[in-house]
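What follows is a short report on a single structure.
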Amino acid sequence: MKCWTYDTQYGPFDIVPLDGSYHIMHEGEALGSYPTPEQAAEALANGHSAWPSFGNPHELGIPEDLSKWLCRPVV
């Protein structure tokens with residue numbers, strides 16, 4: 064399985080597989096669960112996920128395209 068990471072001025076956002084879905088995580092805070100990693104990235108990039116404490120993640124320029132995220136295996 065894979066995990067995707069995108070670094071921002073507020074620290075990294077991660078999309079991680081857990082219990083059959085993909086969760087958006089930021090500094091230990093869960094921001095939503097989605098059926099696919101692509102849907103998770105799209106929701107985060109467009110501000111449709113839960114917002115972290117600093118505000119709307121849409122304003123950070125996070126890409127919807129997972130090929131622009133760092134991909135690593137989950138161990």
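Sequence positions in the sequence shown follow the numbering used here and run 64 to 138. Where a beta carbon is used, it is the ideal one built from N, C-alpha and C, also for glycine.
Proximal residues to residue i (C-beta, below 7 Å), its chain only, five neighbours per side dropped
i	result
Asn-109	His-121
Ile-125	Tyr-69, Thr-71, Phe-76, Leu-107, Ala-108
Which residues DSSP lists as bridging residue i, in chain order
i	result
Gly-140	A query on residue 140 cannot be resolved here, the shown segment of the chain reaching from 64 to 138 and no further.
Gly-150	With the chain running from 64 to 138 in the structure shown, residue 150 is simply not present.
Beta-carbon separation (whole angstroms), residue i vs residue j, contact threshold 8 Å
i	j	result
Leu-94	Ala-113	4 Å
Tyr-97	Tyr-85	5 Å
Proximal residues to residue i (C-beta, below 6 Å), its chain only, five neighbours per side dropped
i	result
Lys-131	none
Cys-134	Lys-65, Trp-67
8 Å CB neighbourhood of residue i in its chain, flanking five on each side removed
i	result
Pro-115	Tyr-73, His-89, Glu-90, Glu-92, Leu-94
Entirely enclosed alpha helix (DSSP H) segments - the region 106 to 137, minimum 4 residues: none
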